[in-house]
Structure formats: structure tokens, C-alpha cells
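Residue numbers (the numbering used here): 505 to 1211.
All residues carry an ideal CB built from backbone N, CA and C; glycine is no exception.
In C-alpha cells form, the structure reads like this:
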């Protein structure tokens, strides 16, 4: 036997990076994730024997395990380095069992970043496997199996084959269904606003009606507005109060898994899955040329905002040299992790502040650069000085009414020089400098603009807002949000349209069935409590079998009741006007992962399907066909001619039937948060645009030709 040390990590990319940090004495291999699991084809849990799990070697891992056993026999020591979380601990435990490593052996190494310093420190300080963590992960796995492998067959028998129900995914679908119900039940309420334009000695002021006497005013009808207008007509307006103050704004903490997913969606348009895939690549290692392969960011599955003292000091030195001493706060910023976060790891940050985004740009892909830049800037900003703004509030009185104007100007940008956190709503801060006015100064009223508005229903969830609410309610763990979202879309329970989630009829039916017969499975509080119990197992404060016993006994009773009470549920079948080209049957509309399509009702005898073409009411500019909405294999929308392949017209933007006034080409419609809705000419060298502003239900157009 040689004196080799065998190090086993999860992925080949990680193994390659770590191998370069260790000497020839170390052999680094990858387990390719899990090596043992519960069987897919069986229940795999012996409930009668106190929930004993039946683990088997994952199919396809036989040759890999043979290779690992061979390497283990030739090594004097085995070090297990899967990810530093519950799942990683369980993988280490399974590997130890397969390779015959003793339970109390110092075999487990843990690192939060893949850098030379961190890896060398980890191999010098191995520990024993943490069985509390292993049991917490085992309890989660068995709990999900108890729910999924009992509920899913019930759905197959009562609704249709191929459905699944999961402990956390079902709650996510319920949240989307509940929000849709709120929207459908929403009744708009009328309200009015009143904006006044005043001329002061030193400039113009726009102010909004805020109060009547000591109460905030609420105007709910035109009659009420008319009474107010009549009451203040030709009355004197004067400045009743001027408040000036310095307002400080502090930076957001560095990223957790959840906040990274939300911000990458807001600023980059990345799905949670795409964010985690790219972040994993940055964590595992990027070849930086002369420097070699380096992990650019710390561990990506974390709910902590804690930062190491070394990283704080490194960032403060960088900020001072890059921006100046005034951008470094007197005391280093240390953020507190909220709620029931495990706080086991640091926040997500660059492994070295010297790896500026522009310096590594040539070594990474476009997606890697965008996400790394986001992480780098968020971390850097989190350690910078507060932004300082001078804010002014002017109160203007007339009779018993009070109008208010607010403005702010940047005095010192601080962290905002580098990064400003995104928002899920469109609220805007009032900025701009107000003219100097004095208390009791009389103002000349130039205009009064009353406006009618209607309250809006709550918005549908986007990926960012769904992740946010799952985290706030303690449902699942941030590392599970991406697979949860992909699963509920893939199963056809929800649709992702225009970046918003809509429940399908199937999703609503499944949620109603589970609500009635398994209320605890869909109860947000119950699911969050179960997460807390898993945390207690990890902390050694709860016994994993007892947690499963408390759950399973009442769950089993409900299963038996549901089997008797629930009859067969028929989903609405939408029949189309098109015949199957194979057998002549009238085709039906079905819901798939990427929207609706036409299918033969005689499935599985006849498997003919075809796309359901959705016309948008615009003629093809190339032929006499109709423009229809289509989708790529990945589900992205585009527009093409119904006569394809005879006509090859295609556009990513929605075509309109409005010709460009400059070159007569049909305009396309573009949507953006910053610029709103625009109609644009795509002809080379034209550049014509019209800005379409929808306000209070009426569409107005402001046209402009751009170079």
C-alpha cells in the first residue's frame, strides 16, 4: 500500500480544481453526487420496522464504486469532501459505509470555498461524520418518500396517471392557486388623487393632496372630489411647514441562496435553476490562465449573511484603494441572519476581492460574468459607507387641506456608487431638488389635476416573488426552490407566461383535492414547522424516528379515508375543430410543459399530436398567412407565419398591423420595465419608435422618431 491520501468530492470539476491545490500524495476523485439512495421502483421504507430505510446503490454507479474501492485499498487515508450541508454529510456517510471507513474515523473535510488556502486547511483538520446532520437529511428523504409514494398513486387512481404530489411542491402550487383566486375574486375600488402645480418665488412645485385636518384623506368618488375642488377654489395657498433633513441609506447584506435567486431574476432575467447552475460553476472553479483553476465564489447553498473577518478586512482595503477613504465606514459592517436560518456558512461572496469582474471576464462565459459581477458588486457594496441624501418636504395649506411635495438630492453616493438592490414592484422614489420656500410664503396656484384610479389586484407570482414568499413562510430550503419550481411547471400544475405563474386546471383540481383530504400537507404553517423539526434533528434536539412517527400516524388515517371518499375526477376536455391526420378522430386540447397542444383522444392507440397555433390577429408581411404564437423547445415565445415552412417569417417581438410612418414596415411591440410599452421599427437605418402609455384604462400615444 502506498502512502497516498484519497480525497473524494462530488463533481469532476471540483475534483479537478482541488487536485491542483494538493500535492502528489493526494489523489482526488469524484463520486458524481449520491452513490446510494432509496429505490425508485419500490417504497423503500419499512414503516413496521420504525421507518428503516432500504438503501441501494444507484443504477449506473457500479463501475464508479469499483474504481473508488480500488483507490481506497491503495490509500493509507480516506478524506470525504462533499458539500458542507446536510445532503453533503449524507453523501459522506454513504461513501464511508461503502468504502468500509470506521464510524469514528477522522475522515470528513469541510470547506466553504475552493481556494488553495481553504482546501489545504481542510485536509489538515478532518473531523468525524456528523450523524445529527445525516439523520436530519435521512428524515427529510424518508418524509418526502412517505408523502410522495402514498399521495402520487392516489392521484393516479382518482385523476390520471403520471401525477405527483410532494410535501413542498404542493404548497408552492397552493400559493399560486390561492393568488389566482384572490385575483379572480378581486373587486376594484375607485379612488381619486389631486395634484397641484404651484409657482413659488424661486421655481415650480408639484404637490399632492395628503390630509384633511389631522387625517389622511381618502377620495372615493367624483362627487367627493368636486366638493373639495369647490371648497378650495380661489382660496389662498401658503407654505405651512418646511422640513429639511439628512437621510442615510444603508446597503443590503451580501447574498444568501434565496436573495441571489431573487436578484438574478430581477436584474438578469435568470430563472432560479439557471442561477444555481451558473453559481455552481463559479463555486467549483474557473481556469484563470496563469493563476490556474480557482473557485471564484464561496459555497452557494446558504441562508446566512455572515462574513469572515478576513474577507471583511480584505474588502475594506480594496474599497479604500479603489474609491477612497470616505467610502469605508468607520466600523466594519456585520449583518445579522434573520429568523431560523442555520447560519452554518458564510454569505455568498467572492473568494478574493482581487478577482474584479473585468479582470476575469475573458476567462468566463457571458452568464458566468453577469452573475459573478452581481455577486462581486453586492458584496463590495455591503461593506461600503451609507449613501447620504438631503431630503426636503414642503407642506402647503389651503382651508383644512394639506398638500405635500417631497424631493431628495444625492449628497454622497456611498455604496450606491457600486450597487443598488432591485425591487419587485414599480414604486419610485421622489427625487429632484425643490425650490427654496419660506414658511407662510403665499404660492400661486397654476393648475389642479384630479385623477380617477382603481385599486389593482395583487400581482401574480414571478420566480423572484415566489422564492421570496417561500423563504418568508419557511417552506423548504433555498437550495430546493429551483427544483420545486421546475417540477411544478414540468408536471403541468402551473404555467409560466410572460414571467408570471398561472395555475392550470389540473393544478387547481389537485390542490382542491389535497386541501379537502390532506389539509396538513397544504398547510404552510405545518410545512414550516416540519422544517423546524428537521433543524432540531440536526441540532441533536429531536430524535428522527419520533418526528416521523408523529407525522405518519395521522397521515395514514387520512390516506385510508381519502381512498374511500374520493371518487374518480374528470378533467374538462376541450375539443378542437381539427381532425387527427392519422385516424380522423376529433382532436382535443391538452396542457403540456410549454403550453397547450392538440392531441388525439384515442391515445395510447394513436399518438398523433400537433402544435396549437394561436393567431394574434396580424397578417404575415411576407405572404397572405396569419402570424401565430409559437414556442422554442425550451419554451421561449416567438412569432412566425402559419404557412411555415413555405414562409420563413419569424420575430422574437410581437408584430403589429401598424405600418411605420417613415418606411412602411410593420412595427413590432416591445415591453420593458424601464421604458414601458413601445412600438418599434426594426428596419435597418430607420429607428422609428412610438411610446405607448396606458394610464387609467385609456391608451395615449406619444410618438417620436429616433436616430
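Exercise. If you scan the segment 545-633 from start to end, which runs of the beta strand (DSSP E) of 3 or more residues do you find wholly inside it?
Worked result: 579-584
Exercise. Can you check whether the CB of residue 1160 is closer than 8 Å to the CB of residue 1122?
Worked result: Position 618 of the chain shown, counting from 1, holds the residue named residue 1122. Position 656 of the chain shown, counting from 1, holds the residue named residue 1160. The answer is yes: Cβ separation under 8 Å.
Problem set entry | DSSP three-state assignment for residue 912, whether helix, strand or coil | Position 408 of the chain shown, counted from the start, is the residue given in the question as residue 912. Note: residue 912 maps to strand in three-state DSSP.
For this session: Measure the C-alpha to C-alpha separation of residue 1119 and residue 821 and round it to an integer number of angstroms.
Result: Locating residue 1119 in the chain shown gives position 615, where the first residue counts as 1. Locating residue 821 in the chain shown gives position 317, where the first residue counts as 1. Going from the Cα of residue 1119 to the Cα of residue 821 covers about 59 Å.
Exercise. Are the segment 519-529 and the segment 566-579 touching by the rule of at least three beta carbon pairs closer than 8 Å?
Worked result: no
For this session: Taking 8 Å as the cut-off, decide whether the C-beta atoms of residue 1164 and residue 1126 are in contact.
Result: Numbered from 1 along the chain shown, position 660 holds the residue referred to as residue 1164. Numbered from 1 along the chain shown, position 622 holds the residue referred to as residue 1126. No; because the gap between Cβ atoms is not below 8 Å, this pair is not in contact.
For this session: Kindly indicate which residue of 722, 703, 708, 819 has the alpha-carbon position closest to the one of residue 463.
Result: Residue 463 lies beyond the residue range present for the chain, which begins at 505 and ends at 1211; the question has no answer from this structure.
Exercise. Which ranges would you report for the beta strand (DSSP E) in the segment 642-727 if only whole runs of at least 3 residues count?
Worked result: 694-704, 707-716
For this session: Would you check if there are 3 or more beta carbon pairs closer than 8 Å linking the segment 811-827 to the segment 876-886?
Result: yes
Exercise. Cβ atoms of residue 1117 and residue 1093: under 8 Å apart, would you say?
Worked result: Residue mapping note: residue 1093 aligns to position 589 of the chain shown, counting from 1. Residue mapping note: residue 1117 aligns to position 613 of the chain shown, counting from 1. No. Outside cutoff.
Problem set entry | Coil, strand or helix - residue 1091 by DSSP | Here the question's residue 1091 lines up with position 587 in the chain shown. DSSP places residue 1091 in strand when its eight states are reduced to three.
Exercise. Secondary structure at residue 845, three-state DSSP: helix, strand or coil?
Worked result: Residue mapping note: residue 845 aligns to position 341 of the chain shown, counting from 1. With a pLDDT of only 48 at residue 845, under the threshold of 50, the placement of this residue in the model should not be trusted, and no figure is reported.
For this session: Measure from the alpha carbon of residue 1044 to the alpha carbon of each residue in 1191, 757, 595, 640, then state which is nearest.
Result: For the purposes of this step, residue 1044 is taken as residue 540 along the chain shown, with counting starting at 1. Looking at the Cα atoms, 640 is the closest of the given residues.
Exercise. Grouping DSSP H, G and I as helix and E and B as strand, with all else coil, what is residue 799?
Worked result: In the chain shown, residue 799 corresponds to position 295, counting from 1. Coil.
For this session: Could you tell me if residue 527 is buried or exposed, where buried requires 16 or more neighbouring beta carbons within 10 angstroms of its beta carbon?
Result: Here residue 527 refers to the residue found at position 23 of the chain shown. It counts as exposed.
Problem set entry | Extent of the continuous alpha helix (DSSP H) run through residue 517 | For the purposes of this step, residue 517 is identified with residue 13 of the chain shown, where counting begins at 1. First-last of the alpha helix (DSSP H) with residue 517: 516-525.
Exercise. Can the beta-carbon of residue 704 be found less than 8 Å from the beta-carbon of residue 962?
Worked result: On the chain shown, residue 704 is found 200 positions in, with the first residue counted as 1. On the chain shown, residue 962 is found 458 positions in, with the first residue counted as 1. No, these two residues do not count as a Cβ contact at 8 Å.
Exercise. Residue 1042 to residue 590, Cα distance in whole Å?
Worked result: If you number the chain shown from 1, residue 1042 lands on position 538. If you number the chain shown from 1, residue 590 lands on position 86. About 8 Å.
For this session: Compare the C-beta of residue 906 with all C-beta atoms of chain B and state if any pair is closer than 8 Å.
Result: Considering every chain present, this structure includes no chain B. It has just one protein chain.
Exercise. Which residues in the same chain have their Cβ closer than 6 Å to the Cβ of residue 791, if we skip the five residues on either side of it in sequence?
Worked result: To locate residue 791, count along the chain shown from 1; it is residue 287. So the qualifying residues of the chain are 797.
For this session: Compute the Euclidean distance between the alpha carbons of residue 549 and residue 541, then round it to the nearest angstrom.
Result: For the purposes of this step, residue 549 is identified with residue 45 of the chain shown, where counting begins at 1. For the purposes of this step, residue 541 is identified with residue 37 of the chain shown, where counting begins at 1. Near 11 Å, if we compare the C-alpha coordinates of residue 541 and residue 549.
Problem set entry | Buried versus exposed, by CB contacts within 10 Å (16 or more), residue 984 | Within the chain shown, the letter at position 480 stands for residue 984. Buried.
Exercise. According to DSSP, is residue 528 helix, strand or coil?
Worked result: One-based indexing of the chain shown puts residue 528 at position 24. Coil, per DSSP.
Exercise. For residue 1155, which three-state DSSP category applies?
Worked result: As a first step, residue 1155 is located in the chain shown; it is residue number 651 there, counting from the start. Of the three classes helix, strand and coil, the one that applies to residue 1155 here is strand, per DSSP.
Problem set entry | Alpha carbon of residue 578 to alpha carbon of residue 598, nearest angstrom | Here residue 578 is taken as the residue at index 74 of the chain shown, counted from 1. Here residue 598 is taken as the residue at index 94 of the chain shown, counted from 1. Rounded to the nearest angstrom, the two C-alpha atoms are 20 Å apart.
For this session: Apply the 10 Å Cβ neighbour rule to residue 510 and answer buried if 16 or more other Cβ atoms are within range, or exposed otherwise.
Result: The residue labelled residue 510 in the question sits at position 6 within the chain shown. Under this definition residue 510 is a buried residue.
For this session: Could you check the C-alpha separation between residue 709 and residue 899 for me, to the nearest Å?
Result: In the chain shown, the residue the question calls residue 709 occupies position 205. In the chain shown, the residue the question calls residue 899 occupies position 395. Straight-line Cα distance between these residues: approximately 11 Å.
Problem set entry | Residues of its chain near residue 1215, where Cβ-Cβ distance is below 7 Å and the 5 sequence neighbours each way are ignored | Limits of the chain in this structure are 505 at one end and 1211 at the other, which puts residue 1215 out of reach.
Exercise. Does DSSP put residue 917 in a helix, in a strand, or in coil?
Worked result: Position 413 of the chain shown, counted from the first residue, corresponds to residue 917. Looking at residue 917 - three-state DSSP - the assignment turns out to be coil, as it is neither helix nor strand.
Exercise. If you pair each beta-carbon of the segment 947-961 with each one of the segment 741-754, do three or more pairs fall below 8 Å?
Worked result: yes
For this session: Using alpha carbons as the reference points, say which of 560, 655, 647 lies closest to residue 1014.
Result: As a first step, residue 1014 must be located in the chain shown, where it is residue number 510. It is 655.
Problem set entry | Sheet register partners of residue 905 (DSSP bridge) | The residue you call residue 905 lines up with position 401 of the chain shown. The partner list for residue 905 (beta bridge, DSSP) reads 716, 902.
Problem set entry | Residue range of the alpha helix (DSSP H) that includes residue 814 | Position 310 of the chain shown, counting from 1, holds the residue named residue 814. Residue 814 -> alpha helix (DSSP H) spans 813-827.
Exercise. Just to confirm, does residue 929 get its C-beta within under 7 Å of one of the non-hydrogen atoms of the ligand GTP?
Worked result: Of ligands this structure carries none, so the ligand GTP is not represented either.
For this session: Please list, in chain order, all residues of the same chain as residue 1187 whose beta carbon is under 6 Å from its beta carbon, the five residues on each side excluded.
Result: Locating residue 1187 in the chain shown gives position 683, where the first residue counts as 1. Answer for residue 1187: 1167, 1169, listed in chain order.
For this session: Please name the residue, chosen from 937, 922, 902, that lies closest to residue 915 on a Cα-to-Cα basis.
Result: Working through the chain shown from its first residue, we reach residue 915 at position 411. That would be 937, whose Cα lies nearest to the Cα of residue 915.
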